[in-house]
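Chemist: Protein chains in written order, with our numbering: chain A, 1 to 355; chain B, 1 to 355; chain C, 1 to 355; chain D, 1 to 355. C-beta atoms are modelled at their ideal positions from N, C-alpha and C, and glycine is treated no differently.
#1: Chain B partners of residue 203 of chain D, CB-CB under 8 Å?
#2: Is the Cβ of residue 50 of chain B closer than 9 Å to any Cβ of chain C?
#3: Just to confirm, is the Cβ distance from residue 272 of chain D to residue 304 of chain D under 9 Å?
#4: What does residue 42 of chain C reach in chain D if we use C-beta pairs closer than 8 Å?
#5: Write down the C-beta distance between residue 328 of chain A and residue 153 of chain A rounded to the nearest angstrom, noting that I regard them as a contact closer than 8 Å.
#6: Residues of chain B with CB under 8 Å from residue 298 of chain C, in chain order?
#7: Closer than 8 Å is the cut-off here; do at least three beta carbon pairs connect the segment 330–348 of chain A with the segment 133–149 of chain A?
#8: When we look at the beta-carbon of residue 295 of chain A and count the other beta-carbons within 10 Å, is it buried (16 or more) or exposed?
#9: One question on the structure: do residue 300 of chain D and residue 183 of chain D come within less than 9 Å of each other, judged by their Cβ atoms?
#10: Along the segment 190–218 of chain A, what residues have a CB closer than 8 Å to any CB found in chain B?
#11: According to the neighbour-count rule (16 or more other Cβ atoms, all chains shown, within 10 Å of its Cβ), is residue 118 of chain C buried or exposed?
#12: Using a Cβ-Cβ cut-off of less than 9 Å, list which residues of the segment 161–193 of chain C approach chain D; keep chain order.
#13: Below 8 Å on the Cβ atoms is my guess for residue 236 of chain B versus residue 220 of chain B; work out the distance and round it to an integer in Å.
#14: Compare the beta carbon distance of residue 302 of chain D and residue 320 of chain D with 9 Å and say whether it is the shorter of the two.
#15: Less than 6 Å between C-beta atoms, sequence neighbours within five positions excluded: which residues of the same chain meet that for residue 31 of chain C?
#16: Quick one: which chain B residues come within Cβ less than 9 Å of residue 16 of chain D?
#17: Any C-beta of chain A sitting closer than 9 Å to the C-beta of residue 276 of chain D?
#18: Exposed or buried, residue 1 of chain B, counting other C-beta atoms within 10 Å across all chains shown (16 or more means buried)?
#19: For residue 309 of chain D, which option in C:238, C:298, C:146 has the closest C-alpha, if you only look at C-alpha atoms?
#20: Pull out every residue of the segment 282–295 of chain B whose Cβ sits closer than 9 Å to any Cβ of chain A, in chain order.
#21: Got a sec, what are the start and stop residues for the beta strand (DSSP E) residue 242 of chain D sits in?
#22: Please indicate yes or no: does the CB of residue 100 of chain D lie closer than 8 Å to some heavy atom of the ligand MG?
#23: Using 9 Å as the limit for Cβ to Cβ distance, is residue 19 of chain D near chain A?
#24: Listed from N- to C-terminal order along the chain, which residues in the segment 53–77 of chain B have their beta-carbon within a distance smaller than 8 Å of any beta-carbon of chain C?
#25: Can you give the Cα-Cα distance for residue 70 of chain C and residue 91 of chain C, rounded to whole angstroms?
#26: So with Cβ pairs under 9 Å, would you call residue 252 of chain D a contact of chain C?
#27: From which residue to which residue does the beta strand (DSSP E) around residue 309 of chain A run?
#28: Please decide whether residue 26 of chain B counts as near chain C, where near means a Cβ-Cβ distance under 9 Å.
#29: Quick one: which chain A residues come within Cβ less than 8 Å of residue 349 of chain D?
#30: Is it buried or exposed for residue 4 of chain C, if we count other Cβ within 10 angstroms and need 16 for buried?
#31: Roughly how many angstroms lie between the CA atoms of residue 355 of chain A and residue 197 of chain C, to the nearest whole one?
#32: I want to verify the contact list: residues of chain D whose CB lies under 7 Å from the CB of residue 131 of chain C, in sequence order.
#33: When the Cα of residue 61 of chain D is compared with those of D:35, D:245, D:265, D:126, which residue comes out closest?
#34: Just to check my reading of the structure: residue 33 of chain D and residue 57 of chain D have Cβ atoms closer than 8 Å, yes? What is that Cβ distance to the nearest angstrom?
#35: Might you give, ordered along the chain, the residues of its own chain that have their beta carbon closer than 7 Å to the beta carbon of residue 79 of chain B, omitting 5 neighbours on each side?
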């Protein structure tokens, strides 16, 4: 660890991942908030929009065009898809590292990106150097990366849930992996839309994106890569159905996976515990227990429980995280810590808020 | 239809299924509420406990021992498991029909009942004559039944979702059927427990019963029976994971099922629409749409959407109902209407409450 | 009562008061829904926007310009302020009665209207004939009215709470009346706005409009009128602070009023019970009890409790209603029933949804 | 500030104030958690009951009878009323300081305590030395106190809201002060009760305790004391109506107070800002704005807004806090910091969780 103060910029500080970055970074001991940009709100003190930050953030939103982002050590993009890639090269030229919380640098395959996000990728050469920012899988690459594609919220739960199995070749790919995921409403962002009004989404739930959600290709690509390491010809089939749940924060993925013959003979609980024993932010729950989303509210923890369905040869995984922290801003700060050789948990030791 | 007034008794009117029966029956045109029993609350006017019923229910709770249940035409049991079977024979002897909203008469296999509910079944001869009260599957038998085992809430969603496939032999049983179900908190009942306090279950969600839920054998038995009609040797494997969702009412089951080769060539949307075209309470949604739980809030409707996952050969079904209505009290009233030759929707034309 | 079917039109059926009118009117035995207009959604089947109405409403939204509103017996305006007054004269000329759920015809004083709603009143001559549609106070005038200004949600609670005192001259006006009101979020309407998103208004509450809410002049005008009947020189002072509460429906007003010397000697509980004994939709709770908002969820009931604060000489009133029913659409239907000599409760005997 | 580690005990760690103390103290830099007692849960690891504390609290609950509380520097009582007073003298004899989060040491008048809490006060001599732990009013006394009666949640909002007026004699006591307070459900504690079940208290609200709430005498005593300093004969009348709101945390008090003639000529906004300018945890909002409860969620902040009602000569105050932090555990830690000469904000710089 070092005592240096990083100069940090945030592009697009008015959404939920933006204000969450501010919550974490405003008391991060190695960070000086240098610029928070918003085209629409330039000049407005940040704490006027988010009074929760009164006393913690003195900056006003600044016009992106006039901001001093090039002076920063690292810039976070908490923006809609497509913004980060338009500014990436300029910042890289100024030796500024980039952590994008949108999807611009998550999908290595440019064609897949363009199909799902319906826009051309404007800097494929940057993309090719970008690192998928899931520390528990790619810590080494993150350490030396200039550009991070911070994972989507759903992918974080599914990938950390399945990684120990994939790494050991314990999945029978003759049946599709099914991820039935549930997200709090903040995952839809801070946009004025009827569908996410309180009176629409409270005391109510629904599935959505059944015919195709943008996190499907992201998860599928990563699953294929992880599987490929020891099952080169694995044809990973993956069904993903997200659901909207009337809670502010919180994400829970229930994952159904067919175990290989080998897996049925292994102590999977021990395997998972061992795999994650040195991971500060991954908590494998004791056998026989199940996690609640509130057990990670406001924190960067992800908790995993596994239950063998002996009769069917399937394993059921239940994974919870706070979609705005480990699923977004917290993981982004974790990546920053790694990139700048800070202790990985710096600024992230926030005890979950319960009740 | 007839103009007669049925004398109706309710045993155990202080829980959520009890008060829901009262909501529906108090304005049912063919019903006279005759007795509502509660050992603990005898003497208390029902509307003092539930002020929502002021002006609609004038009765007081009566002591079960002193009640006039034998004078009723039909008695509903909205009681814990085990109560209905202890009183069934006496009522039958008095020519009173019985609709049990608990599990006493749901499982034809006495041994299975005793394993899952951890109590002896005290009237197996009554059980053998009881009918599983799912009108869309067993209407004819219900019509002449003396005793109804009203289905569990989860089973209603799963069975009505899968019935058209099972009836036509369109499921490939080489893979397990997966039902990932989500329920509002009222499903846990009106019992003083820490786990369902507002401050515990609001802004929070969790899976539960992963290692075995009582609705598993109920669903499994029915699936096996339905499958057996045309796939005599079908070995139905079934994975069931229920989840607790922070909403008062509402249930959504997402069902993942492997289609047979034949099914892949069939217009399943048309099949479902045709199967349920004359069912007042089953609504097959237009292709490409998805249901919200609030679209059935307070009503006896169940809504089903289906989405083929072409890539994997799976079908995803999304089924919603109000767990207290079609999942409990409404279905019970529907059964009563059938048993007494009333129009099946009598007293059940309640428009869902939205927002 | 009569068996005739009224032809009913709704202008602006896409908001919460609109869909609530549809819920009530679609099963009203004396109503034929004839037209539901929406400029933005013309052509869309109503039940596509609100699947809760599938099976109950077959109409599509129609273009206001091409609609057949003039053929109706009565037209409800569930529109923003200012729409009803622009169409009122044309409809009146065609002998169509009007019930406006917005504010166009609530304030008899044109200048007050124009000050608070910041628009000119375009038909003052219609306004002068309009009746304030609070049946329990103005039933006789409503019976013969052509145009109804349906009361605001907050005013309904405050006025019905205070009416028995005002009618008997029991308030000491040397101190202001304080109404501290709380509303569910549906009161803010079905508009895409950040402030009423689930993630903004859930698990959160706030006061608003402290410096001046539009219901203040409406309440003040009515209080002054009611007071003036027996205290001609009463200078009614009134403090009103509304609050936004994380519930979909429901409104609770806590009213603090200084009692006159005479009032201190009177059995106020008996006075209230007597005043409202023949009012189907006003329920004075037993002494010593307090109402919950859910006890009226989905119904046209309003419930009132009163508690003397002996030490201070004040009376505290607690009044609850469903803001979308007695506070809006239900009261509008009640007015329609009166205007067309139907039994006042026709179509309004909906048992509150609890839980 | 010092580097010493305080040995801290918690009696009754299974309720919401207990787990909130654990959240704050487990990462307090000057605290070593030494004992957490619970008669019912002795032996159970704390983190098994509250998985949110996994990785932060390693202790198990211990039997009160066998615990080492006497070795502590300070013991917090997060227990029902009556427990702290039964153990106070023993701990004081062992030179252990006491902070009671229940009511045992809040009311200086023993008779008032006994009337409202319906139990004899077992250690009046300790009571007479106890200090009311509201730092912004009694910091000096707290510094040297051995026993703290930590204020009730409601009183904290009302007293800090009114203190600047009372200290300057700016209230006209000819009219009662009215505090209309709203609390999240966690304020009712972590007890298995029907009334606070999710399905009972969600999408619902109510007033309670209208005829007398235990915080009334506590507030009244403090108001009288504060008023007495410059208006010796002030007869403070106070009306208090608490309400239960469907949110987990959060408290908002709307206070209506009649201003003295002098007050009408004063810049009250400036007065409040000046009064609290050096208070880390009291935030006077800019004129014209209003606070939301979520703006303090999880933090020790209290935010105050004031609005003159010119027409009536009243001032409306709106005060928000997190009932479990500034209203309970956070204030208790603040008191501990003062008692042990630590910086007052040590361990309390938690940024509010928004959204």
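Modeler: So, to answer that:
#1: Neighbours of residue 203 of chain D on chain B, chain order: 248.
#2: Yes, residue 50 of chain B lies at the interface with chain C (some Cβ there is under 9 Å from its Cβ).
#3: Against a cut-off of 9 Å, the Cβ pair of residue 304 of chain D and residue 272 of chain D comes out as a contact.
#4: Within 8 Å Cβ-Cβ: nothing; residue 42 of chain C doesn't reach chain D, min ~33 Å.
#5: Correct: roughly 6 Å between the Cβ atoms.
#6: Those are 298, 353, listed as they occur along chain B.
#7: With the cut-off at 8 Å, the segment 330–348 of chain A and the segment 133–149 of chain A touch.
#8: Looking at its Cβ environment, which holds 16 or more other Cβ atoms inside 10 Å, residue 295 of chain A is buried.
#9: The criterion of a C-beta distance shorter than 9 Å is not satisfied by residue 300 of chain D and residue 183 of chain D.
#10: Cβ contacts with chain B come from 199, 200, 202, 203, 204, 205, 206, 207, 208, 210, 211.
#11: It is exposed - the Cβ of residue 118 of chain C has fewer than 16 other Cβ atoms within 10 Å.
#12: Closer than 9 Å at the C-beta level to chain D, one finds these residues of the segment 161–193 of chain C: 174, 175, 176, 178, 180, 182, 184.
#13: Under the criterion of beta carbons closer than 8 Å, residue 236 of chain B and residue 220 of chain B qualify as touching, at roughly 7 Å.
#14: In contact: residue 302 of chain D and residue 320 of chain D (Cβ atoms closer than 9 Å).
#15: Cβ neighbours of residue 31 of chain C beyond the five flanking positions: 6, 8, 25.
#16: At a beta-carbon threshold of 9 Å, the residues of chain B lying near residue 16 of chain D are 199, ordered along the chain.
#17: Answer no: the Cβ-Cβ gap between residue 276 of chain D and chain A never drops below 9 Å.
#18: Reliability fails at residue 1 of chain B, whose pLDDT of 46 lies under 50, so the model's placement of it is uncertain and the value that follows must be treated cautiously. Residue environment for residue 1 of chain B: exposed (fewer than 16 other C-beta atoms within 10 angstroms of its C-beta).
#19: Cα-wise, what sits closest to residue 309 of chain D is C:238.
#20: Of all residues in the segment 282–295 of chain B, 288, 290, 291, 292, 293, 294, 295 have a Cβ within less than 9 Å of some Cβ in chain A.
#21: Under the DSSP assignment, residue 242 of chain D falls in the beta strand (DSSP E) whose first and last residues are 238–245.
#22: Looking at this structure, you won't find the ligand MG or any other ligand, since it has none at all.
#23: Yes, because at least one Cβ of chain A sits closer than 9 Å to the Cβ of residue 19 of chain D.
#24: Residues of the segment 53–77 of chain B whose Cβ lies closer than 8 Å to any Cβ of chain C, in chain order: 53, 54, 55, 56.
#25: Distance from the CA of residue 70 of chain C to the CA of residue 91 of chain C, rounded to the nearest whole angstrom, comes to 6 Å.
#26: For residue 252 of chain D, at least one C-beta of chain C is nearer than 9 Å to its own C-beta.
#27: Run containing residue 309 of chain A: 302–309, per the beta strand (DSSP E) assignment.
#28: Taking CB atoms only, residue 26 of chain B has a neighbour in chain C less than 9 Å away.
#29: For a Cβ distance threshold of 8 Å, residue set 27 of chain A lies close to residue 349 of chain D, ordered along the chain.
#30: By the 10 Å Cβ count, residue 4 of chain C comes out exposed.
#31: C-alpha separation (whole angstroms): 22 Å.
#32: Those within 7 Å of residue 131 of chain C in chain D number zero; the least Cβ separation is about 28 Å.
#33: Of the listed residues, the one whose Cα sits closest to residue 61 of chain D is D:35.
#34: Going by Cβ atoms, the distance from residue 33 of chain D to residue 57 of chain D rounds to 7 Å, so yes, they are a contact pair.
#35: So the list reads 11, 12, 102, once near-sequence residues are dropped.
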